[in-house]
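Colleague: Quick mapping for you: the protein sequence lines, in order, are chains A and B.
Note that numbering that gives the first Met the number 0 gives residue 98 to position 99 of the first sequence, counting from 1, and the numbers run on in steps of one.
Note that numbering that gives the first Met the number 0 gives residue 214 to position 215 of the second sequence, counting from 1, and the numbers run on in steps of one.
Glycine included, C-beta positions come from ideal geometry on N, C-alpha and C.
Remember, it's a predicted structure, so these values are computed and weren't measured experimentally.
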Amino acid sequence: MRPRLATIAWLWVLPAFVLLGVFLVYPVVNTIYLSFFSGRGASVFVGLDNYRYLFTHPETLVVFRNNLLWLVLFTGASVGLGLILAVLSNQVRYEAVAKAIIFVPMAVSFTAAAVIWRFMYIYRPGQFEQTGVLNAAMVALGFDPVPWITNTAVNNYALIAAGIWMWTGFALVVISAGLKGIPAEVLEAARVDGANEVQIFWRVILPMLRSVMLVVAVTLTINSLKVFDLVYVMTFGNYQTDVLANRMFKEMFTFGNFGRASAVAVVLLLAIIPLMALNIRRFRREQ
Amino acid sequence: MRHVSRGPLHIAIIIICLLWMLPSVGLFVSSLRPRDVIATTGWWTAFTTPFEFTLTNYEQVVSAQGMGQSFINSLIISVPVTVFVVIVAAFAAYAFSWMDLPGGDTIFLIVVGLIVVPIQLTLIPVLRMFASSGLTGTFPAVWLAHTAYGLPFAVFLLRNFFIALPKDLLESAFLEGASHRRVFFRIVMPLSVPSLAALGIFQFLWVWNDLLVALVYLGGSRSVAPMTVTVSNLVSSFGSEWHLLTAAAFVSMLLPLAIFFALQRYFVEGILAGAVKG
């Protein structure tokens, strides 16, 4: 009986396996292979040349710097803001409304968000009336308007801010759910013992939220490494705002260099593998 | 913070919420203003006299700029993918949770790992496959690719839901001689409607909001481009024609916003199940 049962079980997973094999597993292996080749069709074996280029060329070094900025600032700010907002909104009666407002941007596309933020960042030379919210505010406060998108000193932060606007809601919702999971007795006991609210936050709430915040941080870190649409639509990676995913797209379609594009993708995978391992380990522990 | 004055708390929350809404409100207000007014004044001046509002921008993007066709294309892409993903994932997830699958646990760990693999790693080989089979630029190409890309998360999510179903209920059904097919369709599926809905909403929005997959496998041709691609094309060809861009972006947001407000509970449920467990 057993072999037959097993065969039937395999039939149930077959469609999923075929799709995953053809469109995910095989292509990943193939991309790793292609990253050692060069030429228009990735036909000449060049060993590690593509990687050497990525890690030495000034233009691609900027890409790594930018992804690192995304990783630190996007993840840090979204988790931090999510935590603060979760704790604050937990204490008011209109919590659901407040959470929904912060959460709405999660539902729309990065493409739409990119338009929204390009609109926020509109810059017109000083003598004209500013039509973008941010520069109007700058002028109202007595500063000069700033070309947020093209000024290389600020533009990466401007793009990251758009990302934070989209994803803080995710951090908020997940952390807030974790917060509700803390038993009221625990907090009450701490209060009875004479702890003030600040102490309770640092000594009780924060430690108990650790694992939830780690989950959020891992998800956001992965997102920061994969970020594409926002950069593609807002700057196409120009003005030194390029990131790995957009660089790969450029290598593919603008330069037609499939070998180098594959190498960029592999670097992205290498960066994500530790996070993947973390996810798998946590999953096994939960079983 | 029962002993602290609550005034500042309310003010802080309300200010943050207003700031969060500001970008979207600005987009919406602008999309209703005439072109020459948008170009020279901030959208916040719309609330002072003379009031100047119009629907011309919407008429223009929907017909002349192809957002109408793109809306349909987005539906043609997203609806079948959502159905495929839910069905294929449900079968697989059931096998992983209630059938004797040799090595199933190990294979499932691989699926968990696949959730975070960037699709960038698949673009070149898959594009070549589509090119050699003549699928590039057609809907079946994105149906196949999107379905595959959505599966790891979907299988993971549904397996977590299925495995949490009451064990006694399923086991007594098996004892009475019910087949897997019967248990799946008569017990597991009906009990899982909320989870299937959560997954479906998630998957639908994910595909609806996707830019990269459509861009790579469909190209920019108007007859197949979904709204994200059309909006992105508008940005690169009319980067400062804000009367068009604001209206187009808002049209692309209509359905996601409607789904969000109507089905927020399922949406949040899906996020929590996916995030807390995975």
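For a cutoff of 8 Å on Cβ pairs, would you count Leu8(B) as touching chain A?
Modeller: So, interface residue.
Colleague: When Cβ atoms are compared, which residues of the stretch 200-228 of chain A fall closer than 8 Å to chain B?
Modeller: Cβ contacts with chain B: Val211, Val214, Val215, Thr218, Ile221, Leu224, Lys225, Phe227, Asp228.
Colleague: Taking only beta-carbon atoms, is Ser62(B) less than 8 Å away from chain A?
Modeller: No, no contact with chain A.
Colleague: Give a yes or no on whether 8 Å exceeds the smallest Cβ distance from Val85(B) to chain A.
Modeller: With 8 Å as the cut-off, Val85(B) does not count as an interface residue toward chain A.
Colleague: Would the stretch 165-183 of chain B count as touching the stretch 126-142 of chain B if we require 3 or more Cβ pairs under 8 Å?
Modeller: No: fewer than three Cβ pairs fall under 8 Å.
Colleague: For Asn154(A) and Pro144(A), which I take to be in contact (beta-carbon distance under 8 Å), what is that distance rounded to the nearest angstrom?
Modeller: Contact flag wrong, Cβ pair sits at about 14 Å.
Colleague: Quick check on DSSP: helix, strand or coil for Phe83(B)?
Modeller: Phe83(B): helix per DSSP, three-state reduction.
Colleague: Helix, strand or coil for Arg1(A) per DSSP?
Modeller: With a pLDDT of 44 at Arg1(A), under the threshold of 50, the modelled position of that residue is not reliable, and the figure given next carries that caveat. Arg1(A) falls in the helix class under three-state DSSP.
Colleague: Looking at Val43(A): is its Cβ nearer than 8 Å to the Cβ of Phe54(A)?
Modeller: Contact flag unset, no.
Colleague: Could one say the Cβ of Thr110(A) lies closer than 8 Å to chain B's Cβ atoms, at least one of them?
Modeller: Answer yes: the Cβ-Cβ gap between Thr110(A) and chain B drops below 8 Å somewhere.
Colleague: Give me the chain A residues within the contact set of Asn208(B), using Cβ-Cβ distance strictly less than 9 Å, ordered along the chain.
Modeller: Near Asn208(B) (Cβ distances below 9 Å), the residues of chain A are Ala106, Val107, Ser108, Phe109, Thr110, Ala111, Asp228.
Colleague: According to DSSP, what are the bridge partners of Phe107(B)?
Modeller: Bridge partners of Phe107(B): none, in fact.
Colleague: Counting contacts by CB-CB distance shorter than 8 Å, is Pro193(B) in contact with chain A?
Modeller: Judged by the 8 Å Cβ criterion, Pro193(B) is not in contact with chain A.
Colleague: Tell me the DSSP bridge mates of Ser37(A)?
Modeller: Val43(A).
Colleague: In chain order, what residues of the same chain have a beta carbon less than 7 Å from the beta carbon of Val211(A), not counting five sequence neighbours either side?
Modeller: The answer, listed in chain order, is Val173, Ile174, Gly177.
Colleague: Please give me, in chain order, every unbroken run of the alpha helix (DSSP H) with length at least 4 that falls completely inside the stretch 26-103 of chain B.
Modeller: Within the stretch 26-103 of chain B, the complete alpha helix (DSSP H) runs of at least 4 residues are 34-39, 55-58, 66-97.
Colleague: What three-state label does DSSP hand Phe227(A) in the structure shown?
Modeller: Residue state, collapsed to three classes: coil.
Colleague: Leaving out the 5 sequence neighbours to the left and right, which residues in its chain are closer than 6 Å to Arg34(B) when beta-carbon positions are compared?
Modeller: These residues qualify, in order along the chain: His242.
Colleague: Could you please give the first and the last residue of the uninterrupted alpha helix (DSSP H) stretch that includes Ala197(B)?
Modeller: 192-207 is the extent of the alpha helix (DSSP H) around Ala197(B).
Colleague: Ile163(A) by DSSP, collapsed to three states: which one?
Modeller: Three-state DSSP puts Ile163(A) in a helix.
Colleague: From which residue to which residue does the alpha helix (DSSP H) around Val212(B) run?
Modeller: Element bounds for Val212(B): 211-217.
Colleague: Should Asp167(B) go down as buried or exposed, given a rule of 16 or more other Cβ atoms within 10 Å for buried?
Modeller: Result: exposed.
Colleague: Reducing DSSP to helix, strand and coil, say where Gln90(A) ends up.
Modeller: Residue state, collapsed to three classes: coil.
Colleague: If we call anything under 8 Å between Cβ atoms a contact, is Phe249(B) one with Phe70(B)?
Modeller: No.
Colleague: Is the Cβ of Phe22(A) closer than 8 Å to any Cβ of chain B?
Modeller: Judged by the 8 Å Cβ criterion, Phe22(A) is in contact with chain B.
Colleague: Just reading off the alpha helix (DSSP H) that Asp48(A) is part of, what are its end residues?
Modeller: Run containing Asp48(A): 48-55, per the alpha helix (DSSP H) assignment.
Colleague: Whole beta strand (DSSP E) runs in the stretch 119-148 of chain A with 3 or more residues, listed along the chain?
Modeller: You should have found no qualifying run.
Colleague: Would you mind telling me which residues of chain C sit closer than 8 Å to Trp69(A), beta carbon to beta carbon, in chain order?
Modeller: Absent from the structure: chain C. Protein chains present are A and B.
Colleague: Cα-Cα, which of Gly180(A), Val203(A), Ile181(A), Lys179(A) is closest to Ala189(A)?
Modeller: Ranking the options by Cα distance to Ala189(A), first place goes to Val203(A).
Colleague: Give me the Cβ distance between Thr278(B) and Ser62(B), rounded to the nearest whole Å; I'm assuming they're in contact under 8 Å.
Modeller: Chain B is shown only over 0 to 277; residue 278(B) falls outside these bounds and no answer can be derived.
Colleague: Under 8 Å, Cβ to Cβ, is there at least one residue of chain A near Val187(B)?
Modeller: It does not; no Cβ of chain A falls within 8 Å.
Colleague: Does DSSP put Thr234(A) in a helix, in a strand, or in coil?
Modeller: The answer is coil: DSSP assigns Thr234(A) none of H, G, I, E or B.
Colleague: With a threshold of 16 other CB atoms inside 10 Å of the CB of Phe142(A), please say whether the residue is buried or exposed.
Modeller: Phe142(A) should be labelled exposed.
Colleague: From Ile159(A) to Asn222(A), what distance separates their C-alpha atoms?
Modeller: About 12 Å.
Colleague: Counting only beta-carbon separations shorter than 8 Å, does Gln202(B) have a partner in chain A?
Modeller: Output row for Gln202(B): interface = no.
Colleague: Which residues of chain A have a Cβ atom closer than 8 Å to the Cβ of Gly25(B), listed in chain order?
Modeller: Chain A residues near Gly25(B): Ile115, Phe118, Met119, Val132.
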